[in-house]
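Asks: So the sequence shown is residues 1 to 358, counted in UniProt numbering. For each residue, glycine too, the CB sits at the ideal point set by N, CA and C.
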Amino acid sequence: MKNNKTLQYILIAAGLIALPLILQVFGNAWVRIADMALLYILLAIGLNIVVGYAGLLDLGYVAFFAVGAYMYGLLSSPHLTNTFAWIATAFPEGMHMPIWLIVPVGAALAGLFGMLLGAPTLKLRGDYLAIVTLGFGEIIRVFMNNLDHPVNITNGPKGLDQIDPISIFGLNLGKKLMIGDFEIASVSLYYYLFLSLVLVTILISHRLEVSRIGRAWMAIREDEIAAKAMGLNTRNLKLLAFGMGATFGGVSGAMFAGFQGFISPESFSLMESVMIVAMVVLGGLGYLPGVILGAILLSALPEVLRYVAGPLQEMTGGRLDASIMRQLLVALAMIVIMLMRPRGLWPSPEHGKSLKTK
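1) Could you tell me which of N152, R341, L297 sits nearest to A37, measuring between CA atoms?
2) Is S167 helix, strand or coil by DSSP?
3) CB-CB under 7 Å to W217, same chain, minus the five flanking residues each way: which ones, in chain order?
4) Within the continuous beta strand (DSSP E) that includes E183, where are the two ends?
5) Along the chain, which unbroken stretches of the alpha helix (DSSP H) at least 4 residues long are found entirely within the region 3 to 91?
6) On the three-pair Cβ rule with 8 Å, is the region 263 to 280 touching the region 132 to 141?
7) Measure the C-alpha to C-alpha separation of D58 and M178 and round it to an integer number of angstroms.
8) Could you compute how far the alpha carbon of P120 sits from the alpha carbon of A63?
9) Tell me, to the nearest whole angstrom, how far the beta carbon of Y72 is from that of A226; I am working on the premise that it is less than 8 Å.
10) Out of V291, S267, S299, point me to the one whose CA is closest to M144's CA.
11) Within the region 264 to 299, note down every full beta strand (DSSP E) run reaching 3 residues or more, in order along the chain.
12) Identify which residue in G290, V103, T234, V277 has its Cα closest to the Cα of M255.
13) Starting from the N-terminal side, write out each stretch of the beta strand (DSSP E) that is 3 residues or longer and does not extend beyond the region 231 to 264.
14) Look up T160 in the DSSP assignment and say whether it is helix, strand or coil.
15) Applying the 10 Å Cβ sphere with the 16-neighbour rule, what's the burial state of K353?
16) CB S188 to CB G174, shorter than 9 Å?
17) Below 8 Å, can you find three or more Cβ-Cβ pairs linking the region 274 to 284 to the region 79 to 95?
18) So M178 is in the beta strand (DSSP E); what residue range does that whole segment cover?
19) What are the partner residues of N145, as DSSP defines its beta bridges?
20) Give me the residue from R235, M334, A246, L74 with the minimum Cα distance to I49.
21) Using the Cα positions of L345 and L56, report the straight-line distance between them to the nearest angstrom.
22) Is it right to say T6 is buried, meaning 16 or more other beta carbons lie within 10 angstroms of its own, or is it exposed?
23) For I10, count neighbouring Cβ atoms within 10 angstroms of its own Cβ and tell me buried if that reaches 16, exposed if not.
24) Of all the options A34, S299, V67, which has the alpha carbon lying nearest to the alpha carbon of V330?
25) Grab me the residues of P20's own chain with a C-beta within less than 7 Å of its C-beta, minus the 5 sequence neighbours each way, in chain order.
26) State yes or no: is the C-beta of S264 within less than 9 Å of the C-beta of F65?
27) Could you compute how far the alpha carbon of G180 sits from the alpha carbon of T83?
28) Please return the same chain residues whose Cβ sits closer than 8 Å to the Cβ of L124, not counting the five positions on each side in sequence.
29) How would you label G111, buried or exposed, when you count the other beta carbons within 10 angstroms and need 16 or more for buried?
30) Quick one: Cα of P165 to Cα of R141, how far?
31) In whole angstroms, give me the CA-to-CA distance for G261 and M97.
32) Can you give the beta carbon distance from T201 to L42, rounded, assuming they're within the 8 Å contact cut?
33) Do L39 and F194 come within 9 Å of each other at the CB atom, strictly closer than that value?
34) For the alpha helix (DSSP H) that contains E224, what are its first and last residues?
35) Taking I99 as the reference, which of E314, S77, R306 has the closest Cα?
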């Protein structure tokens, strides 16, 4: 039995390592889809701590994604040195901060924002909590969109460009790597970095789930009044859930900024938050394999459907817009899945066990 499991893990690891090299043959666009899927897995795992474990419906999660992305963009682009003379004097060669500094700072700042969001919402539940968090996400986006005057901090709707690519141990992931005659594209290098982060995040999230804190979060999710009666400090536990979830969002945002090389407020719209929540709910609330599956499907499916929507548009003589057709196909797939699998594609085997009748 153990040998079979070991063999399965080896085959999965080999498949994940070989995946970008295989996709690279068909074009870098397919590897980019895999890269973005891994970033969304990071986001979904972070949101799963808040929604899946603690049962706190957060519709403003994209705000923490934006905080991490803008932190990386500001510290790795010429924007601040071009705007502020004193920063240009302090950094004559430009602010090219190492990733080892930016990512912890971005994660810590996002975690701080998460606790600031959680503090005034501790007594809210359900729809009321969702509305407040939704408003928080929109406030952050509006701030990013308008902080270009009177002091230009975020460059407003124009966004930040010329962001440095991620560099680790002297290896610039923005450039292709040649090993003899074999070429590894830049997007494939990013894939391996994102995959490493996802594996670490899965490990952390799993350890949290089986820890005392994770059990306490689940107790709050099932019945907050009973949890409080049992002596749990629900206030601190909720703040911790918001902070931990936001930290993962900040890391993912920093990776996104380095990968794209350009960010703007339009990248952090309300629909992004809704999509991340849908990944968690569609895959299986509070269950890591289900959350990962939901993130892969909802991040990769719209991009893959680009290749389906085009031919369908041609079949209708151009009367249907390809982007509208793509959204229609995604919505139809989600409706069918939720009707057939109301608890998610891969629900937790323990969730709802007590509701079964004898």
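Replies: The answer reads as follows:
1) On the sequence shown, position 37 is the one that residue 37 refers to. It is L297 whose Cα lies nearest to the Cα of A37.
2) To locate residue 167, count along the sequence shown from 1; it is residue 167. Three-state DSSP puts S167 in a strand.
3) Working through the sequence shown from its first residue, we reach residue 217 at position 217. Within the same chain, W217 has close Cβ partners Y53, A54, L237, A241.
4) Counting from 1 along the sequence shown, the entry for residue 183 is found at position 183. Per DSSP, E183 belongs to the beta strand (DSSP E) from 182 to 184.
5) 28 to 48, 62 to 75, 79 to 83, 85 to 90
6) yes
7) For the purposes of this step, residue 58 is taken as residue 58 along the sequence shown, with counting starting at 1. For the purposes of this step, residue 178 is taken as residue 178 along the sequence shown, with counting starting at 1. For D58 and M178, the distance between alpha carbons rounds to 44 Å.
8) Taking the sequence shown and counting its residues from 1, the one referred to as residue 120 is at position 120. Taking the sequence shown and counting its residues from 1, the one referred to as residue 63 is at position 63. If I take the Cα positions, the gap works out to 16 Å.
9) Locating residue 72 in the sequence shown gives position 72, where the first residue counts as 1. Locating residue 226 in the sequence shown gives position 226, where the first residue counts as 1. Not a contact, Cβ separation roughly 42 Å.
10) Taking the first residue of the sequence shown as position 1, residue 144 is located at position 144. Checking every option, the nearest Cα to that of M144 belongs to S267.
11) none
12) Within the sequence shown, residue 255 is the residue found at index 255, counting from 1. Answer by Cα proximity: V103.
13) none
14) Against the sequence shown, residue 160 aligns to sequence position 160. For clarity, residue 160 is Leu in the given sequence; the question names Thr instead. In this structure, L160 counts as strand in the three-state DSSP scheme.
15) As a first step, residue 353 is located in the sequence shown; it is residue number 353 there, counting from the start. Summary for K353: the model assigns pLDDT 49, below 50, so the residue's position carries little reliability, and this model does not support an answer.
16) Numbered from its first residue, the sequence shown carries residue 188 at position 188. Numbered from its first residue, the sequence shown carries residue 174 at position 174. Not closer than 9 Å, so no.
17) no
18) Here residue 178 refers to the residue found at position 178 when the sequence shown is read from its first residue. Segment 177 to 179, the beta strand (DSSP E) holding M178.
19) Residue numbering aside, residue 145 sits at position 145 when the sequence shown is read from its first letter. Answer is none; N145 lacks a bridge partner.
20) Against the sequence shown, residue 49 aligns to sequence position 49. Comparing Cα positions, the closest option is A246.
21) What you label residue 345 is simply residue 345 of the sequence shown in a count that begins at 1. What you label residue 56 is simply residue 56 of the sequence shown in a count that begins at 1. Each residue's alpha carbon lies about 21 Å from the other.
22) If you number the sequence shown from 1, residue 6 lands on position 6. Exposed is the call here.
23) Position 10 of the sequence shown holds residue 10. With fewer than 16 Cβ atoms within 10 Å of its Cβ, I10 is classed as exposed.
24) Residue mapping note: residue 330 aligns to position 330 of the sequence shown, counting from 1. Ranking A34, S299, V67 by Cα distance to V330 puts S299 first.
25) Within the sequence shown, residue 20 is the residue found at index 20, counting from 1. Closer than 7 Å at Cβ, skipping near neighbours: V31, A34, S188, Y191.
26) If you number the sequence shown from 1, residue 264 lands on position 264. If you number the sequence shown from 1, residue 65 lands on position 65. For S264 and F65, no; Cβs fall outside 9 Å.
27) Position 180 of the sequence shown, counted from the first residue, corresponds to residue 180. Position 83 of the sequence shown, counted from the first residue, corresponds to residue 83. In a straight line, the C-alpha of G180 is about 43 Å away from that of T83.
28) Here the question's residue 124 lines up with position 124 in the sequence shown. Cβ neighbours of L124 beyond the five flanking positions: V132.
29) As a first step, residue 111 is located in the sequence shown; it is residue number 111 there, counting from the start. Classification for G111: buried.
30) Working through the sequence shown from its first residue, we reach residue 165 at position 165. Working through the sequence shown from its first residue, we reach residue 141 at position 141. Cα-Cα distance, rounded: 24 Å.
31) Taking the first residue of the sequence shown as position 1, residue 261 is located at position 261. Taking the first residue of the sequence shown as position 1, residue 97 is located at position 97. The straight-line gap from Cα to Cα measures roughly 15 Å.
32) The residue you call residue 201 lines up with position 201 of the sequence shown. The residue you call residue 42 lines up with position 42 of the sequence shown. Sure, about 6 Å apart at Cβ, within 8 Å.
33) Counting from 1 along the sequence shown, the entry for residue 194 is found at position 194. Counting from 1 along the sequence shown, the entry for residue 39 is found at position 39. A contact, by the Cβ cut-off of 9 Å.
34) Against the sequence shown, residue 224 aligns to sequence position 224. That run of the alpha helix (DSSP H) goes 224 to 229.
35) Locating residue 99 in the sequence shown gives position 99, counting from the first residue. Of the listed residues, the one whose Cα sits closest to I99 is S77.
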